[in-house]
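Protein chains: 2
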Amino acid sequence: MRKSLPIFITSLILSYFPNVACAESSNLNQKVAIDLSQKALQSDLAYKITESLTVEVGPRLAGSPENAVAVAWAEAKLTSLGFDKVYKEPVVVPVWQRGEASAKVISPYPQNLVLTALGGSVATPKEGLTAKIARFDTLDALKHASKKNVAGKIVFIDQKTERFKTGAGYGKSVAGRVNGAIEAAKLGAVAIVIRSIGTDHDRLAHTGMMHYDDKVAKIPAAALSNPDADLLNAMLTRTDDVTLQLTLTPKSQGTTATYNVIGEFTGASKPDEIVLLGAHLDSWDEGTGAIDDASGVAIVTAAAKLIGELPQRPARTIRVVLFAAEEIGMIGGKAYVERHKDEMAKHYIAAESDFGADRIYRADLKVAASVFNEAQALLTSLTAIGVELGDNNARGGSEVSLLPAQGVPVASLRQNGQDYFDYHHTPNDTLDKVDPAALAQNVAVYAQFAYLMAQSELVLRPLK
Amino acid sequence: MRKSLPIFITSLILSYFPNVACAESSNLNQKVAIDLSQKALQSDLAYKITESLTVEVGPRLAGSPENAVAVAWAEAKLTSLGFDKVYKEPVVVPVWQRGEASAKVISPYPQNLVLTALGGSVATPKEGLTAKIARFDTLDALKHASKKNVAGKIVFIDQKTERFKTGAGYGKSVAGRVNGAIEAAKLGAVAIVIRSIGTDHDRLAHTGMMHYDDKVAKIPAAALSNPDADLLNAMLTRTDDVTLQLTLTPKSQGTTATYNVIGEFTGASKPDEIVLLGAHLDSWDEGTGAIDDASGVAIVTAAAKLIGELPQRPARTIRVVLFAAEEIGMIGGKAYVERHKDEMAKHYIAAESDFGADRIYRADLKVAASVFNEAQALLTSLTAIGVELGDNNARGGSEVSLLPAQGVPVASLRQNGQDYFDYHHTPNDTLDKVDPAALAQNVAVYAQFAYLMAQSELVLRPLK
Ligand SMILES: [Zn+2]
Ligand SMILES: [Zn+2]
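If you're matching them up, the sequences are chains A and B in order. The first sequence begins at 1 in the numbering used here and counts up one residue at a time. The second sequence begins at 1 in the numbering used here and counts up one residue at a time.
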């Protein structure tokens, strides 16, 4: 055993050799991080939080009465977990109600199809609308179509979503959902149905946000389940002449207030500097929002809670932000950036959990290039729980992706998304899809990340 | 090479040594059977038939207008495939329409649950009914409950269905669906909801037939999806006091006629003796009835068609019976037995395909014990395509299970049922669940079985 030097000598040495101090505190930080990781892996706190939100609140579409229940739940949960500060910040959101969705092939082979309205869609006439189908492989193919092939018809975009660990298939197909109604309306279509942006074969449709352009007619938009898209396709291989009756009854009803809910463990020595951990509190309305994003809420909350249980707070403040209204356009994220504009310089780094509940396999950063290697080295302990250290091109994900433009460094703690788009935005987003062990691994990663960043001596800026 | 004897000598030998003739024809039958098997494995006919029925007809609940379309489809399909005879026989069935099903937990945690009416259920009052939940692990536990714990409540039977290759889990749990409403009503319950009889975790409920007893009040009956049963359970672990609002709007509307549709290839030398291959034409109304039982229809039809394409017909008639109204109580099967009572002695053997579209792994028989070994030996060629030869305790499955009581020998050509109850009786029973290669293996088995039995010299009776 090495004998300790008297304190004044230690201080003397440290003042002459700052790197030694750095190495010592770094070793201590590593020790605490590994300890946090072990606690996280043995804890069921995140699973219990996920269960609590899905069972006691359930679906919580931004702007709905259920979303107000979720806000109250979040405040109560953060408070009961002993966060130093719990507060909420108002966010104005549009109110949209799904209503009913039904579709029936009228000819050549009458049968019902399963579909759901896309978020923000207008309604059909009350009695529905009936028109022939004009099918396209992709949004791009639709863009190149001629008016005479589309006018008066219901456009059907039939692009399949491929399965990838990274979830990259979603990026390839989602434009049809987001912009399909605009492009179809430009060519005179009366409505649009898309093949669900999902990798499953369940007879459950995937909803999600869509956009209108005020210069173009607003037409009803819905997603068919994958088996129903197959069915429509099989009919279209038999004849070009398929007629669909479509009824959607969504309603848009002005705006209302909801809230970003925030919980903090205050930093010991740099309380005004922030390590931000984000997730979103809202969900779509047909599942219980278990993997999107109760699991994210649970992961970042449990990670912060573990840090809050340490004998002493880390240097910086750990701020958990449970964002409002991610699903309907990152409205809570934008409101956060606006409200905290003057505080952006104090955001040391940020990360968000919004990609389901499967394990994290890779950590990417976006920090000053000059410190990337050192910053990455701080996270070495993550490799012990299956996390590869990646590159310096992180975008941060969901709301946190808004922060690099504000100069804020971010991390992407990437989850395996292999199965995510089987359930995403469907009624099937329920608690049974969450593996408690995988969830605990996420908490172990976030807890280590947050603690190590809250203690880091590095200057992570500027990003360019 | 062995030289052929002049024909008259051969005839002479055969008349003195009938076993030699038997062995020779047996070898020839084996050769034809193996040839049929190879053709079947290379054919996509069964897949095309399955696709045709699911796409061009879709759901076809017995007694519905869609079922009439299915009957017309079946007649046209058998005719176009060149069956020697195609005919139909009327069957009277009750008319039941599903209507809508909705449920909402009122307290303690308001949220909607996904469920579906059980087949034959009465409706709730139009405005729904609201009552507390009384949960039971099993139907048996309900039977032992006291009136004071059940009266005025909605009974919830929460039995999980286990996954087995044989499908044996269904047999263990299905009594709750069939008889739950009777037992619950005896104790004064106002309605019953059961955990779906299914092995999946999809937010899709499994319907299926239920019974009433005319001496007991008829109460509404529905099935919750597995994730919804989990959800209700999670609430019940927090409080005994869970109140549900339930609305079901099914309607029973008298009776109507539908049909057993029958196609035959007439036997060459024993045309009045029948090898019966069965499947059922009707389906539940929320999926397209792909694995239950379009695949069965396709398997037996394609198998018969392959035999019909041989240069000469086998000795006995191959009769394909596409039964009406299996799902709502084997009504078509009972009508067949009644109508063909005098012909029962002429049914050489029967088998039915009604367990999905996965591969056949085992063949059991029910024949006279004295000929079991020889009968089983006839089927040796099945082992080459993954079929184990089983025992003499076959029951025959679905409609065909009615035949042993009439003295008719049967076979059970057992399919792997591992995944069957993931989709059974749900909207998820769609074409994408059918593997064309597995379907072709089924055809190969049925074609060999039917041909070998149509040629067999054995006397398979009496059964005892
Ligand atoms: Zn999300
Ligand atoms: Zn069936």
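C-beta: ideal position from N, C-alpha, C; glycine also. In this text, all values refer to a predicted model and were calculated from it rather than measured experimentally.
Problem - Under the three-state DSSP convention, the category A/Leu14 falls into - result: Within the first sequence, the letter at position 14 stands for residue 14 of chain A. Only weak support is given to the placement of A/Leu14: the predicted model assigns it a pLDDT of 42, under 50, and the value that follows is read from those uncertain coordinates. If DSSP states are grouped into helix, strand and coil, A/Leu14 belongs with the helices.
Problem - is_contact[B/Asn233, chain A] using C-beta, thresh 7 angstroms - result: Start at 1 with the first residue of the second sequence, and residue 233 of chain B comes out as number 233. So, not an interface residue.
Exercise for the section: Please name the residue or residues paired with B/Pro271 in a DSSP beta bridge. Expected result: Indexing the second sequence from 1 puts residue 271 of chain B at position 271. According to DSSP, B/Pro271 bridges with nothing at all.
Handout entry: B/Ala491 and B/Val367 closer than 7 angstroms at C-beta
Key = The structure shown does not extend to residue 491 of chain B, since chain B spans only 1 to 464, so no value can be given for it.
Practice task
Determine the chain A residues that contact B/Asn416 at a beta-carbon separation under 8 angstroms, and present them in chain order.
Solution key: Against the second sequence, residue 416 of chain B aligns to sequence position 416. Here the premise fails: no neighbours, minimum Cβ distance about 19 angstroms.
Exercise for the section: Report the three-state DSSP secondary structure of B/Ala222 (helix, strand or coil). Expected result: Against the second sequence, residue 222 of chain B aligns to sequence position 222. Three-state DSSP puts B/Ala222 in a strand.
Problem - Option in B/Glu56, B/Asp230, B/Leu306, B/Pro314 with minimal Cα separation from B/Ser456 - result: Position 456 of the second sequence, counted from the first residue, corresponds to residue 456 of chain B. Per the Cα distances, B/Pro314.
Problem - Neighbouring residues, chain A, relative to B/Gly58 (Cβ below 9 angstroms) - result: Your numbering for residue 58 of chain B matches position 58 in the second sequence. By Cβ distance, chain A contributes Val105, Tyr109, Pro110, Gln111, Asn112, Leu231.
Practice task
Compute the Euclidean distance between the alpha carbons of B/Asp339 and B/Glu89, then round it to the nearest angstrom.
Solution key: Position 339 of the second sequence, counted from the start, is the residue given in the question as residue 339 of chain B. Position 89 of the second sequence, counted from the start, is the residue given in the question as residue 89 of chain B. Per the sequence shown, the amino acid found at residue 339 of chain B is Arg instead of Asp. Roughly 9 angstroms separates the two Cα atoms.
Practice task
Can you give me the Cβ contacts of A/Leu413 inside the same chain, cut-off strictly under 6 angstroms, excluding the 5 residues immediately before and after it?
Solution key: Taking the first residue of the first sequence as position 1, residue 413 of chain A is located at position 413. For A/Leu413, where only same-chain residues beyond five positions count, the Cβ hits under 6 angstroms are Ala351, Ile360, Ala363, Val445.
Problem - Pocket of ligand 1 defined by Cβ to heavy atom distance under 5 angstroms - result: Going along the chain, the residues that qualify are A/Asp292, A/Asp293, A/Asp354.
Exercise for the section: Along the alpha helix (DSSP H) that carries B/Tyr446, what are the first and last residues, could you check? Expected result: As a working note, residue 446 of chain B is residue 446 in the second sequence. Per DSSP, B/Tyr446 belongs to the alpha helix (DSSP H) from 436-455.
Practice task
May I have the straight-line CA-CA distance separating A/Arg60 from A/Thr380, to the nearest angstrom?
Solution key: Within the first sequence, residue 60 of chain A is the residue found at index 60, counting from 1. Within the first sequence, residue 380 of chain A is the residue found at index 380, counting from 1. Taking the straight line joining both Cα atoms gives about 37 angstroms.
Handout entry: When B/Asp200, B/Ile307, B/Thr130, B/Glu75 are compared against B/Ala454, the one with the closest alpha-carbon
Key = The sequence position of residue 454 of chain B within the second sequence is 454, counting from 1. Residue B/Ile307 is the option with its Cα nearest to B/Ala454.
Problem - For B/Ala205, the nearest candidate out of B/Met330, B/Leu310, B/Ser43, B/Ala103 (CA to CA) - result: By one-based count along the second sequence, residue 205 of chain B stands at place 205. Measuring from the Cα of B/Ala205, the nearest candidate turns out to be B/Ala103.
Handout entry: 7 angstroms Cβ shell around B/Ala450 - same chain, five flanking residues per side excluded
Key = Position 450 of the second sequence, counted from the start, is the residue given in the question as residue 450 of chain B. Val275, Leu277, Ala303, Ala304, Ile307, Ile318.
Problem - Close-in-space but distant-in-sequence residues of the same chain around A/Ser353 (CB under 6 angstroms, 5 per side omitted) - result: Indexing the first sequence from 1 puts residue 353 of chain A at position 353. Answer for A/Ser353: Ala279, Gly296, Ile299, Val300, listed in chain order.
Problem - Distance between B/Ile291 and B/Lys433 (C-alpha atoms, nearest Å) - result: Position 433 of the second sequence, counting from 1, holds the residue named residue 433 of chain B. Position 291 of the second sequence, counting from 1, holds the residue named residue 291 of chain B. The alpha-carbon atoms of B/Lys433 and B/Ile291 are separated by roughly 7 angstroms.
Problem - Ranges of the alpha helix (DSSP H) found wholly within the stretch 66-154 of chain A, counting only runs of at least 4 - result: For the stretch 66-154 of chain A, the continuous alpha helix (DSSP H) assignments of 4+ residues that do not extend past its boundaries occur at 139-143, 147-150, in sequence order.
Exercise for the section: Indicate whether B/Gly120 and B/Lys147 have their beta-carbon atoms separated by less than 7 angstroms. Expected result: Position 120 of the second sequence, counting from 1, holds the residue named residue 120 of chain B. Position 147 of the second sequence, counting from 1, holds the residue named residue 147 of chain B. Against a cut-off of 7 angstroms, the Cβ pair of B/Lys147 and B/Gly120 comes out as no contact.
Exercise for the section: Check the Cβ-Cβ distances between B/Arg203 and every residue of chain A, and say whether any is below 7 angstroms. Expected result: Working through the second sequence from its first residue, we reach residue 203 of chain B at position 203. Cβ-Cβ to chain A under 7 angstroms: yes for B/Arg203.
Handout entry: Selected residue, minimal CA-CA separation from A/Lys334, among A/Val93, A/Ser80, A/Glu24, A/Asp84
Key = Translated into the one-based positions of the first sequence, residue 334 of chain A becomes position 334. Of the listed residues, the one whose Cα sits closest to A/Lys334 is A/Val93.
Practice task
Using a Cβ-Cβ cut-off of less than 8 angstroms, give me the residues of the stretch 423-453 of chain A that come near chain B, in sequence order.
Solution key: Within the stretch 423-453 of chain A, the qualifying residues are Thr426, Pro427, Asn428, Thr430, Leu431, Asp432, Lys433.
Handout entry: Nearest-angstrom Cα separation, counted from B/Ala185 out to B/Met344
Key = In the second sequence, counting from the first residue as 1, residue 344 of chain B sits at position 344. In the second sequence, counting from the first residue as 1, residue 185 of chain B sits at position 185. C-alpha separation (whole angstroms): 40 angstroms.
Practice task
Could you tell me which chain A residues have their CB closer than 7 angstroms to the CB of B/Glu75, listed as they occur along the chain?
Solution key: In the second sequence, the residue the question calls residue 75 of chain B occupies position 75. None at all; the shortest Cβ gap to chain A is about 17 angstroms.
Practice task
Give the straight-line distance between the Cα atoms of A/Ile154 and B/Gly198, rounded to the nearest whole angstrom.
Solution key: Counted from its first residue, the first sequence places residue 154 of chain A at position 154. Counted from its first residue, the second sequence places residue 198 of chain B at position 198. So the two alpha carbons sit approximately 36 angstroms from each other.
Handout entry: Buried versus exposed, by CB contacts within 10 Å (16 or more), A/Asp272
Key = For this step, residue 272 of chain A is matched to residue 272 along the first sequence. So A/Asp272 counts as exposed.
Practice task
Ignore the nearest five residues each way along the sequence and tell me which others in A/Thr239's own chain have a CB closer than 6 angstroms to its CB.
Solution key: Position 239 of the first sequence, counted from the start, is the residue given in the question as residue 239 of chain A. The answer, listed in chain order, is Pro108.
Practice task
With a threshold of 16 other CB atoms inside 10 Å of the CB of A/Ser64, please say whether the residue is buried or exposed.
Solution key: The sequence position of residue 64 of chain A within the first sequence is 64, counting from 1. If you draw a 10 Å sphere on the C-beta of A/Ser64, you find 16 or more other C-beta atoms in it, and that means buried.
Handout entry: Top-ranked residue by Cα proximity to A/Ala162, from A/Gly152, A/Ser173, A/Phe156
Key = Within the first sequence, numbered from 1, the residue matching residue 162 of chain A stands at position 162. Here residue 162 of chain A turns out to be Glu, not Ala, going by the sequence shown. The option with the nearest alpha carbon to A/Glu162 is A/Ser173.
Exercise for the section: Thinking B/Leu129 and B/Ile157 are a contact (beta carbons under 8 angstroms), I'd like their distance in whole angstroms, please. Expected result: The sequence position of residue 129 of chain B within the second sequence is 129, counting from 1. The sequence position of residue 157 of chain B within the second sequence is 157, counting from 1. Wrong, their Cβ atoms sit about 18 angstroms apart, outside the cutoff.
Exercise for the section: Could you confirm whether any beta carbon from chain B is found closer than 7 angstroms to the beta carbon of A/Val371? Expected result: Residue mapping note: residue 371 of chain A aligns to position 371 of the first sequence, counting from 1. So no, A/Val371 is outside the interface.
Problem - Cβ contact (3+ pairs, closer than 8 angstroms) linking the stretch 250-268 of chain B and the stretch 42-51 of chain B - result: no
Exercise for the section: Compute the Euclidean distance between the alpha carbons of A/Ala217 and B/Ala223, then round it to the nearest angstrom. Expected result: Counting from 1 along the first sequence, the entry for residue 217 of chain A is found at position 217. Counting from 1 along the second sequence, the entry for residue 223 of chain B is found at position 223. Those two C-alpha atoms are separated by around 42 angstroms.
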